[in-house]
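Here's the structure, in structure tokens; my notes come after.
Number of protein chains: 2
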Amino acid sequence: MIQVSEAKELIIKNGITSRIEELPLLEALGCILARDVTAGIDTPPFHQSAMDGYAFSYENWDKKSNLSVEGEIQTGNYSSERLKANQAVRIFTGAPIPPGADTVVMQEKVLADNNAIKVLDENISEGGNVRPKGSQTKKGEIALKKGQLLTPVGISYLAGIGISKVSVFAKPRVSIIATGKELVQAGNEISEGKIFESNSIGLVAALHQLNIQPVSVELVDDVEEEIEQAISNQLQSDILILTGGVSVGDYDLVPASLEKCGVHKVFHKIKQKPGKPIYFGKYQQTLVFALPGNPAAVMSCFYEYVVLAISHFTQKKYYKTLDLPLTKDFSKKPGLTYFLKGKTGEADVSILDSQLSYLLNSFAVADCLVVLDEEKEHFKKGDLVPVSMIV
Amino acid sequence: MIQVSEAKELIIKNGITSRIEELPLLEALGCILARDVTAGIDTPPFHQSAMDGYAFSYENWDKKSNLSVEGEIQTGNYSSERLKANQAVRIFTGAPIPPGADTVVMQEKVLADNNAIKVLDENISEGGNVRPKGSQTKKGEIALKKGQLLTPVGISYLAGIGISKVSVFAKPRVSIIATGKELVQAGNEISEGKIFESNSIGLVAALHQLNIQPVSVELVDDVEEEIEQAISNQLQSDILILTGGVSVGDYDLVPASLEKCGVHKVFHKIKQKPGKPIYFGKYQQTLVFALPGNPAAVMSCFYEYVVLAISHFTQKKYYKTLDLPLTKDFSKKPGLTYFLKGKTGEADVSILDSQLSYLLNSFAVADCLVVLDEEKEHFKKGDLVPVSMIV
């Protein structure tokens, strides 16, 4: 039986490196860039008016004459006619400055009369109200760096500089196998001794929260051949998660089945509560988590260990960890790290009732797991404790 | 021109109430429950062993005799045979306690010999290691309350008590219309005076982040009839977002087009930077946001105002707001609230460079907007400022 910190180190150490994949921009939302993104064009692609107003040449203007207005350039149009001294053109925000012009005066700062304007802006200077070509991003320049999380604004930014595909760290292919003779799928009747299967549904939801669609979800009976068949069918996934059958009872067939399928055990059992019997192994490049069947243990182990492996794979941090003061005293037995369902307040955290591993009623309204140190027994109100956020 | 706080109040005041819809459990992930969820069954549905061990009647046991083992109950099976005094049955975690039994002794705390066991657990008491029927949730009891965010664990919990559908506040139907003669769709060549359209793409990504798939995304030219047609086609949406054409230039046709389509103006212009020309209106039950076309203004207005309306609709809080100290002095002009691209550190926030409304290069790596008060001019390092998180 190993400690929580050792288990986490072993997961990282055995962690697999993500594939790099090229995705259409919108599909890459929330992914981490695996390569620098280089701007394909100058942005703005031309000297652009920043205002509705009049464009002219500052240098060629005598600073006192009215400017004669020689037509207009609507945003989206352009003019290739070169402006002469003391000439101006009506221009709009986003429109290209015509040849010969370098400065824009705002429409609110002129006196317009027929086809001439008088410039009233005393502070006007050369290049004023013009967004120079390439002033955001120059062609060939790195627009976003490898390792950057691609946010909605990042997507807008890249779209604006002509990028339609990006290379990101791929999401893992995840398979789920829930084992247990007692499990009945939702929508059916439960007869004596049976319960509704919920672990795979909770795991699917937790994966959806990370924008991962599992490649396979299967329910199998506590029968060796069936478990082995299900495992070997899914060993081409990046991460295989099993639930149930991982303890030492006569029908806990999962560890032996994994061994038969060639999975190499990395650890079995962590000094923790809930989820002590957790198993972690590896088959070639596939990570295998076999989680104890109690619903709270499944979800707790998912957030503490499986998310760690996924994070390592995608290079993305999914949940925050904080240190927060407890709202009440709490005592536990020494020798196990406790992961307790908690609810954060403005700047503190409360440990909820109903912590037993078969109960989910408080976990369902929790927003975090409160991590209580293996060796420590007594925690006082106000003691800072590590908190793993889960929403 | 109104203040930011007035604008937010007007959005809330004109906000529309969400429809309630019934969704399959997994599809309701991340939604807010619109009705209490009542447990359809007792959970556990029977008295359940919490351990691998032996079940027996504590009361009918003479506390010294060995117990004779009368068969076994595998998890998923059951036995209707009543145990007699000093009899036990081999039982596994999750299996139903047979009639006549009420207590389980762990397998590690017995001496097993042929078909008899000697109980070695000195602390054993009546009901020990048994999870009573209904001890998590009783049939007819409220399992989760209206207003609760449905988390992955919540989904696992409800699945376990036999719930397959829930009533939640629906997500809004959102339509997007990007206006501008200068806009070219990604994948095409941009000719002189044109730019790549990115506002609608950024908005779609931002909606995806909220798990909302817009019902329509359209690009239209700066032509009155086209804008009016596009608007009237989308007035059955819950929220209509337009970009561009909302200022006072000759080609800013959106406010007039909205009026022609029967949209009632609630406000036009907010004392803010960026996004001053923002328009907000209402048509029957449809909220209409017309955002200025500069990319940074679009995204900033989305996070500050559109998300507020969506939040009101779905009853869900999407992003945190915090008060954090500035890492550096900052000065601004008084009279406008500034929304500045920021990046949070461990416990502070930095204002990024490149704040102009046509630039997205720093916004793309920002994780928040720093809100600087309308009236204030000078901010010192260490001053606490409101921060709207956006990731």
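Protein chains in written order, with the numbering used here: chain A, 102 to 492; chain B, 102 to 492.
Virtual Cβ for every residue (Gly too), placed ideally from N, Cα, C.
Residue of the options minimising C-alpha distance to residue i
{"i": "B:A244", "options": "B:D137, B:P125, B:G131", "result": "B:D137"}
{"i": "B:K429", "options": "B:E223, B:L437, B:K421, B:G446", "result": "B:G446"}
{"i": "A:F414", "options": "A:E293, A:L437, A:T238, A:A271", "result": "A:A271"}
{"i": "B:C469", "options": "B:K370, B:D484, B:G376, B:F440", "result": "B:F440"}
{"i": "A:M207", "options": "A:P375, A:L453, A:I218, A:G201", "result": "A:I218"}
{"i": "A:K239", "options": "A:D449, A:I142, A:T176, A:V349", "result": "A:I142"}
{"i": "A:Q175", "options": "B:D153, B:E293, B:V316", "result": "B:E293"}
{"i": "B:K165", "options": "B:L221, B:G483, B:K185, B:E110", "result": "B:L221"}
{"i": "A:A140", "options": "A:P315, A:A129, A:G241, A:G363", "result": "A:G241"}
{"i": "B:E475", "options": "B:L485, B:G303, B:A357, B:Q373", "result": "B:Q373"}
{"i": "A:S489", "options": "A:M102, A:D203, A:P253, A:Y406", "result": "A:Y406"}
{"i": "A:Y420", "options": "B:V492, B:A287, B:L457, B:L311", "result": "B:V492"}
{"i": "A:A287", "options": "B:I256, B:I103, B:L457", "result": "B:I256"}
{"i": "B:E171", "options": "B:C362, B:A189, B:D449, B:L461", "result": "B:A189"}
{"i": "A:E160", "options": "A:S333, A:E326, A:V486, A:A186", "result": "A:A186"}
{"i": "B:I291", "options": "A:S226, A:F147, A:G248, A:K361", "result": "A:F147"}
{"i": "B:I283", "options": "A:G131, A:S150, A:D454, A:D424", "result": "Looking at the sequence shown, residue 283 of chain B is not Ile but Glu. B:E283 has its Cα closest to that of A:S150, out of A:G131, A:S150, A:D454, A:D424."}
{"i": "B:G177", "options": "A:P233, A:G363, A:F297, A:E209", "result": "A:F297"}
{"i": "B:E128", "options": "A:I302, A:F431, A:K210", "result": "A:I302"}
{"i": "B:I452", "options": "B:P396, B:K482, B:Y380", "result": "B:K482"}
Expected contact under 8 Å - CB spacing of residue i and residue j to nearest Å
{"i": "A:I117", "j": "A:L388", "result": "6 Å"}
{"i": "A:V321", "j": "A:I278", "result": "6 Å"}
{"i": "A:G201", "j": "A:S236", "result": "A:G201 to A:S236, Cβ: 20 Å. No contact."}
{"i": "A:T280", "j": "A:D323", "result": "6 Å"}
{"i": "A:G376", "j": "A:L359", "result": "Incorrect: roughly 17 Å between the Cβ atoms, too far for contact."}
{"i": "A:I264", "j": "A:L126", "result": "6 Å"}
{"i": "A:L409", "j": "A:L343", "result": "The Cβ separation is near 17 Å, so there is no contact."}
{"i": "B:A135", "j": "B:V269", "result": "5 Å"}
{"i": "A:D153", "j": "A:T194", "result": "6 Å"}
{"i": "B:P435", "j": "B:K370", "result": "Actually they are not in contact, since the Cβ atoms of B:P435 and B:K370 sit about 17 Å apart, beyond 8 Å."}
{"i": "A:K295", "j": "A:V305", "result": "The pair is not a contact, with the Cβ atoms about 21 Å apart (cut-off 8 Å)."}
{"i": "A:S169", "j": "A:P199", "result": "Incorrect: roughly 14 Å between the Cβ atoms, too far for contact."}
{"i": "B:P396", "j": "B:Y352", "result": "Not confirmed; about 18 Å, so no contact."}
{"i": "B:I411", "j": "B:L311", "result": "6 Å"}
Residue i in three-state terms, based on DSSP
{"i": "A:S401", "result": "helix"}
{"i": "A:V355", "result": "helix"}
{"i": "A:G172", "result": "strand"}
{"i": "A:H148", "result": "coil"}
{"i": "B:S106", "result": "helix"}
{"i": "A:Y406", "result": "helix"}
{"i": "A:A448", "result": "coil"}
{"i": "B:E123", "result": "strand"}
{"i": "A:A129", "result": "helix"}
{"i": "B:L111", "result": "helix"}
{"i": "A:L268", "result": "First, the amino acid is wrong: residue 268 of chain A is Ser here, not Leu. A:S268: strand per DSSP, three-state reduction."}
{"i": "B:V138", "result": "strand"}
{"i": "A:V512", "result": "Since the first and last residues shown for chain A are 102 and 492, residue 512 of chain A lies out of range."}
{"i": "A:S489", "result": "strand"}
{"i": "A:T415", "result": "helix"}
{"i": "B:P393", "result": "coil"}
{"i": "A:K481", "result": "coil"}
{"i": "B:T428", "result": "coil"}
{"i": "B:T97", "result": "As shown, chain B starts at 102 and ends at 492. That puts residue 97 of chain B outside it, with no answer to give."}
{"i": "B:Y380", "result": "strand"}
{"i": "A:L284", "result": "strand"}
{"i": "B:N167", "result": "coil"}
{"i": "B:A279", "result": "strand"}
{"i": "A:Q456", "result": "coil"}
{"i": "A:I291", "result": "coil"}
Query raised in the report: Where in the segment 205-265 of chain B do unbroken runs of the beta strand (DSSP E), each at least 3 residues long, occur, reported from the N-terminal end onward?
Result: List check, beta strand (DSSP E) in window: 211-214, 217-220, 243-245.
**Report entry** chain B contacts made by the segment 281-294 of chain A, where a contact means CB separation under 9 Å
**Finding:** Those residues of the segment 281-294 of chain A that come within reach of chain B (Cβ to Cβ, closer than 9 Å) are G281, K282, E283, L284, A287, G288, I291, S292, E293, G294.
Report task. Could you run through the segment 236-255 of chain B and flag, in chain order, every residue whose CB is less than 9 Å away from some CB of chain A? Result -> Those residues of the segment 236-255 of chain B that come within reach of chain A (Cβ to Cβ, closer than 9 Å) are S236, Q237, T238, A244, L245, K246, Q249, L250, L251, T252, P253, V254, G255.
Query raised in the report: Got a sec: which bits of the segment 296-312 of chain B sit with their beta carbon under 7 Å from any beta carbon on chain A, in order along the chain?
Result: If the cut-off is 7 Å between Cβ atoms, the segment 296-312 of chain B has I296, F297, S299, N300, I302, G303, V305, A306, A307, H309, Q310 near chain A.
Query raised in the report: According to a CB-to-CB cut-off of less than 9 Å, which residues of the segment 459-475 of chain B neighbour chain A?
Result: Residues Y459, L460, L461, N462, F464, A465, V466, A467, D468.
Query raised in the report: Which full runs of the beta strand (DSSP E) of 3+ residues lie inside the segment 300-377 of chain B, going along the chain?
Result: Runs of the beta strand (DSSP E) inside the segment 300-377 of chain B: 317-321, 340-344, 365-369.
Query - Members of the segment 115-132 of chain B near chain A, C-beta cut-off 9 Å - result: Within the segment 115-132 of chain B, the qualifying residues are L126, L127, L130, G131.
Requested in this report: Identify each residue in the segment 171-190 of chain A for which the Cβ-Cβ distance to at least one residue of chain B is less than 7 Å, and report them in chain order.
Outcome: Answer in chain order: Q175, T176, G177, N178, Y179.
**Report entry** Proximal residues, the segment 261-280 of chain B versus chain A, C-beta separation under 9 Å
**Finding:** Listed by position, the residues of the segment 261-280 of chain B near chain A (Cβ gap below 9 Å) are G261, I262, G263, I264, S265.
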